[in-house]
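Undergrad: I'd like to ask you about the structure that follows.
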Amino acid sequence: MTTAAKPSKLIKGATGDWEIVVGMEIHAQITSHSKLFSSASTSFGGDPNSHVTLVDAAMPGMLPVINEECVKQAIRTGLGLKAKINHRSVFDRKNYFYPDLPQGYQISQFKDPIVGEGEVIVDVSASEQIIVGVERLHLEQDAGKSLHDQSPTESFVDLNRSGVALMEIVSRPDIRSAEEARAYVTKLRTILRYLGTCDGNMEEGSLRADVNVSVRRPGEPLGTRCEIKNVNSIRFIGQAVDVEARRQIAIIEDGGKIDQETRLFDPGKGETRSMRSKEEAHDYRYFPDPDLLPLEFDQAYVDELAKGLPELPDDKRARFIAEYGLPPYDAGVLVMERESADYFEAVARGRDAKMAANWVINELFGRLNKEGKTIATSPVSAQQLGTIVDLISAGTISGKLAKDLFEIVWSEGGDPNVIVEERGMKQVTDTGAIEKAVDEIIAANPEKVEQAKAKPTMLGWFVGQVMKQTGGKANPEAVNTLLKQKLGI
Amino acid sequence: MMSDLTKFTLAEARDAVASKKISSLELTRAHIDAIEKARGLNAFVLETPDKALDMAKASDARIASGTAGPLEGLPLGIKDLYATEGVHMQACSHILDGFRPPYESTVTSQLWRDGAVMLGKLNMDEFAMGSSNETSYYGPVASPWLPPGWDETKGRAALKGDKKGLLVPGGSSGGSSSAVAAHLCLAATATDTGGSIRQPAAFTGTVGIKPTYGRCSRWGVAAFASSLDQAGPIARTVRDSAIMLRSMAGYDAKDSTSVNAPVPDYEKAVGASIKGKKIGIPKEYRIDGMPAEIEALWQQGIEWLRAAGAEIVDISLPHTKTALPAYYIVAPAEASSNLARYDGVRYGLRVPGKDISSMYENTRAEGFGREVRRRIMIGTYVLSAGYYDAYYVRAQKIRTLIKRDFELAYQDGIDAILTPATPSAAFGIGEKGSSDPVEMYLNDVFTVTVNMAGLPGLAVPGGLSASGLPLGLQLIGRPFEEETLFSVAEVIEQAAGRISLPQAWW
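Line order of the protein sequences matches chains A and B. Numbering-wise, the first sequence is residues 1 to 489 according to this note's numbering. Numbering-wise, the second sequence is residues 1001 to 1506 according to this note's numbering.
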């Protein structure tokens, strides 16, 4: 990438500005019932070694057989990333010894991945969008887990994850800040979740990132990169990028140079530590796995999968802007999760869409965040919120009372129509009733009336009094009009 | 009725058992006795007499109830490379000490499905790496053929000692070929990665077929070189090998490289006319220093086939000489990876160390024999960064060229190719390869091409050497046309006259 550096992205060092360059390898666990090459369950949290077949344990003479569902998921993901789908791909063996790698090699795709180049459109902020190139996506097996805390003298191995299907999604070095890195992973996760190809649960390890970070002076060629392995939360990805970039800048500014190496991010200490240098890097001796034939399918196979794809976030966002007239940022917020977008559409359908968006984003999301709930566990259903919007639009309740109504529905549930009726929350639009209240207040406060005539901003005091007397139910517009008329201002 | 039930061919025994002339139990007992008396040959690494007797009784019950399978009640030996549920499987390696798989290989399970009886596990070169059965952790296997000039007393004395000077039964399926030639079992399973069925068959006067790659499932057979390994039988006649292959072959969804094609009744091809068949004679198999008697045997084979009405065609397979070096890159490369799973972590031998790396090193250094370690190192080397293109990639290119050589010949209408099976008759135990492993590797010079091309290959006895040892001819066929090989091999077997295998001296 030789595009000009954006000044806003640069960070200041002691000797001038620096540009951060980040590329990422995301390991996304495929949503599937069984593993990439065996029938063992992929469910999370089983007893150690309870999801292990003879193949996963690499018993003598055992052979891998590809799980077609995992292939379909990879193709769906490729389509979601607007990427080239390779009709022929090859599984290779990546050879290294480790106790949680029973075969002594990981089956992966090296030279010929199932998915080629694609891209991800990333909203960095309300006003900034970037495009991050995807270099490739390939299928590979996950490793098992070594447990070092079970015995003082031995390590244990849990093979439940061994052989679970992963997609490794490799980005181009198109990311220029910690913020962009976070936004990229967030967007990628959104796409995967829409597609249903990865649940994106980082705390369960379903999504992990290897973050490649380098720094350079604006306009200069790429610097030497360091790879930070296995960062497992979006927040940590951002922190790791910042911490590592500052480490590298400090070294270069002190006259040193960066060694290409693999590092680990320690969130507790807020630092990265060397794991192994380039010299210590494994020679993986990749070669085509002779137990597996090349993976081949035709365009019709891909087309069939394309037909079954859901509307993706970018398309949905565009449609929300066009169809509902939403501001791009609001549309972006709503499509972040498929469930939120569905919820919004259920509220907006046949109603004032902008009002629906405001209520979903400001009231509902605000409240959900505060209570640590999600759209799926929201106490207020789309139907209930829709009814509240209906009540506002029809002028049955005021905006202020609508917020009270929302609170009641949130904590007590129930049909908003009934609540409004039973608790007398209906807005008074009957001018006769309002006029009566206005007249009474004018009559009781002659001094204020005089003052108001001299100083029209005093009108607010009268409005407050009328609202108080009507229990907040008076239509504020009607109150204003009548007061102005009667006070002669 | 024959007095020694072990002298039956598989087909004869099948017919005798099916017609209730003899029981499977009698037949099985006779073999168990023969195995006990032949322990000196070291063909079996595990005898399973109780299991065999149980299986035989069950067979007799099925015969009585009229539900017999095609191999009902026929006792067989199983190469130690095959997984046999609950029964020792070590690929004759120290590293699999005590391993008893909780599963049965697809091929053996098909044999049991068809009613066969298991006598035990057969010796072999460790992980099928060897051409003389001398790399086995369980020690070498002796051929039942006495070396030229030896009498029985000298033979028996050698069996009690280090076996030096006795003849090798070939390898890696040396236990299989020795046991079949010594009438310890009616037939045996074997495997062939570079010649491990055909060369032992040729050395012992038996018949062995390596079918087309993908014809038999590899599931449950410990892998040596996945792209080359194939299961197949060793038996005493062409017909017997055809009967065996029919049960062993078949598609298996658990092996992605297995091919979904119907399995013909191969026995029907035995005795079919070969009139008009085009038999290719590749000039490249006439190698420097080939003994005159091998050349003569080959010529004899040509005459027999011509006499049976086949058309003899001189052909060229120009890349033949590159096959052996390319094979010794591809096979070790795959082996180095396939054998990585034997690490002492989950099963088999574990030699402790101060940390995980030293545990790996100790276990693998002690668990693998010299030849296996050598091939792992060769394989690791040829796959290493910087060497991969020069070795592995080039070897794969050569492999494509070898395959093309055969394809072109078959496109020209050739039905089968006739070559010698080995460049010499059997040699003595301890005689070859101790200082130069390549000396041993040269044994496979005529057979590796077939594995590299994935084709079917059959070895059939063609006669005896001047010193009275068996010599074999090899037939190479078109993919999945094993039937042609059986038809042509039967002509050779008939013309050569069945070799008379040695009488028991052991």
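We put the beta carbon where it would ideally sit given N, CA and C, even for glycine. Predicted, not measured: the structure shown is a model, and the values here were computed from it.
Comparing C-alpha positions only, which one of B:K1432, B:L1418, B:E1481 sits nearest to G1472 of chain B?
TA: It is B:L1418.
Undergrad: For Q109 of chain A, name the three-state secondary structure that DSSP assigns.
TA: Q109 of chain A: coil per DSSP, three-state reduction.
Undergrad: Cβ of Y1392 of chain B less than 8 angstroms from any chain A Cβ?
TA: Closer than 8 angstroms to some Cβ of chain A, the Cβ of Y1392 of chain B qualifies, so yes.
Undergrad: Looking at the secondary structure, which residues open and close the alpha helix (DSSP H) in which K403 of chain A lies?
TA: It spans 399 to 412 - the alpha helix (DSSP H) in which K403 of chain A sits, taken as one unbroken run.
Undergrad: Nearest CA to the CA of V1448 of chain B: which residue from B:L1408, B:W1505, B:N1338, B:T1320?
TA: Considering only alpha carbons, the answer is B:T1320.
Undergrad: Measuring only the C-alpha atoms, how far is I1197 of chain B from S1176 of chain B?
TA: Looking at the two C-alpha atoms, the distance is approximately 9 angstroms.
Undergrad: Buried or exposed for K1277 of chain B, please, with buried defined as at least 16 other CB atoms from any protein chain shown within 10 angstroms of its CB.
TA: K1277 of chain B comes out buried.
Undergrad: Using C-beta distances below 8 angstroms, list every residue in its chain close to R351 of chain A, excluding the 5 sequence neighbours before and after it, in chain order.
TA: Excluding sequence neighbours, R351 of chain A sits near G386, V389, D390, S393.
Undergrad: Quick check on DSSP: helix, strand or coil for V132 of chain A?
TA: Note: V132 of chain A maps to strand in three-state DSSP.
Undergrad: Got a sec: is the Cβ-Cβ distance from G104 of chain A to anything in chain B below 8 angstroms?
TA: Yes - at least one Cβ of chain B is within 8 angstroms of the one on G104 of chain A.
Undergrad: Taking only three categories from DSSP, how would you classify A28 of chain A?
TA: Here A28 of chain A sits in strand by DSSP.
Undergrad: For V466 of chain A, count neighbouring C-beta atoms within 10 Å of its own C-beta (all shown protein chains included) and say buried if the count is 16 or more, exposed if not.
TA: Per the 10 Å Cβ criterion, buried.
Undergrad: With DSSP as the reference, label L264 of chain A as helix, strand or coil.
TA: DSSP places L264 of chain A in strand when its eight states are reduced to three.
Undergrad: According to DSSP, what are the bridge partners of A1067 of chain B?
TA: Sequence inspection shows Thr at residue 1067 of chain B; the Ala mentioned does not correspond to that position. The partner list for T1067 of chain B (beta bridge, DSSP) is empty, contrary to what the question assumes.
Undergrad: What residue from A:M336, A:E345, A:G395, A:V164 has the CA that sits closest to T374 of chain A's CA?
TA: Selected option, being the one with the closest Cα: A:M336.
Undergrad: Give me the chain B residues within the contact set of F97 of chain A, using Cβ-Cβ distance strictly less than 9 angstroms, ordered along the chain.
TA: A1340, D1343, I1356, S1357, Y1360, listed in chain order.
Undergrad: Tell me where the alpha helix (DSSP H) around S1358 of chain B begins and ends.
TA: Residues 1356 to 1367.
Undergrad: Compare the C-beta of A1385 of chain B against all C-beta atoms of chain A and say whether one is closer than 8 angstroms.
TA: Yes - at least one Cβ of chain A is within 8 angstroms of the one on A1385 of chain B.
Undergrad: Which of the three DSSP states is assigned to L1473 of chain B in this structure?
TA: Here L1473 of chain B sits in strand by DSSP.
Undergrad: Suppose the cutoff is 6 angstroms on Cβ atoms and the five residues either side in sequence are ignored; what does the same chain contact list for S1247 of chain B look like?
TA: Hits under 6 angstroms: L1071, Q1110, L1111, D1114.
Undergrad: Checking contacts by CB at 8 angstroms: is V65 of chain A closer than that to chain B?
TA: Yes, V65 of chain A counts as interfacial toward chain B.
Undergrad: Would A1013 of chain B and I1032 of chain B be called neighbours here (beta carbons separated by less than 8 angstroms)?
TA: No, Cβ-Cβ distance for A1013 of chain B and I1032 of chain B is not below 8 angstroms.
Undergrad: In chain B, which residues lie less than 7 angstroms from G61 of chain A when you measure between Cβ atoms?
TA: Simply A1083, S1105, W1219, G1220, V1221, A1222, A1223.
Undergrad: Between A:K403, A:G23, A:S398, A:K278, which has its C-alpha nearest L364 of chain A's C-alpha?
TA: Among A:K403, A:G23, A:S398, A:K278, the Cα nearest to that of L364 of chain A belongs to A:K403.
Undergrad: Taking the straight line between their C-alpha atoms, what separation do you get for K1037 of chain B and S1059 of chain B?
TA: Going from the Cα of K1037 of chain B to the Cα of S1059 of chain B covers about 25 angstroms.
Undergrad: Based on the DSSP output, what are the partners of V1087 of chain B in its beta bridges?
TA: BP columns for V1087 of chain B point to B:T1084.
Undergrad: Counting C-beta neighbours from all protein chains within 10 Å, is the total for P7 of chain A 16 or more, i.e. buried, or is it exposed?
TA: Per the 10 Å Cβ criterion, exposed.
Undergrad: Say yes only if the C-beta of A28 of chain A is nearer than 7 angstroms to one or more non-hydrogen atoms of the ligand GDP, and no if none qualify.
TA: Among the components of this structure there are no ligands whatsoever, and the ligand GDP is therefore not found.
Undergrad: Can you pull the chain A residues whose beta carbon is under 9 angstroms from the beta carbon of P1101 of chain B, in chain order?
TA: Those are L54, M59, P60, G61, listed as they occur along chain A.
Undergrad: Under 8 angstroms between the Cβ atoms of D1405 of chain B and P1318 of chain B?
TA: A contact, by the Cβ cut-off of 8 angstroms.
Undergrad: Kindly provide the ranges of any alpha helix (DSSP H) runs that are 4 or more residues long and lie completely inside the stretch 1123 to 1179 of chain B, ordered along the chain.
TA: Within the stretch 1123 to 1179 of chain B, the complete alpha helix (DSSP H) runs of at least 4 residues are 1152 to 1160.
Undergrad: I'd like to know whether the C-beta atoms of S50 of chain A and T42 of chain A end up nearer to each other than 8 angstroms.
TA: Cβ atoms of S50 of chain A and T42 of chain A: not closer than 8 angstroms.
Undergrad: Does chain A have any CB closer than 8 angstroms to the CB of S1500 of chain B?
TA: Cβ-Cβ to chain A under 8 angstroms: no for S1500 of chain B.
Undergrad: Pop quiz: S171 of chain A and E135 of chain A are said to be a contact at Cβ under 8 angstroms. What is the actual Cβ separation, rounded to whole angstroms?
TA: With 8 angstroms as the limit, S171 of chain A and E135 of chain A qualify as a contact, their Cβ atoms being about 7 angstroms apart.
Undergrad: Show which residues of chain A have a CB atom less than 7 angstroms away from the CB atom of R1346 of chain B.
TA: What R1346 of chain B touches in chain A: A57, P102.
Undergrad: By a C-beta neighbour count over all protein chains shown, 10 Å radius and 16 as the cutoff for buried, is M1 of chain A buried or exposed?
TA: Since pLDDT at M1 of chain A reaches only 43, below the 50 mark, its modelled position is unreliable, and the value read off the structure follows with that caveat. M1 of chain A should be labelled exposed.
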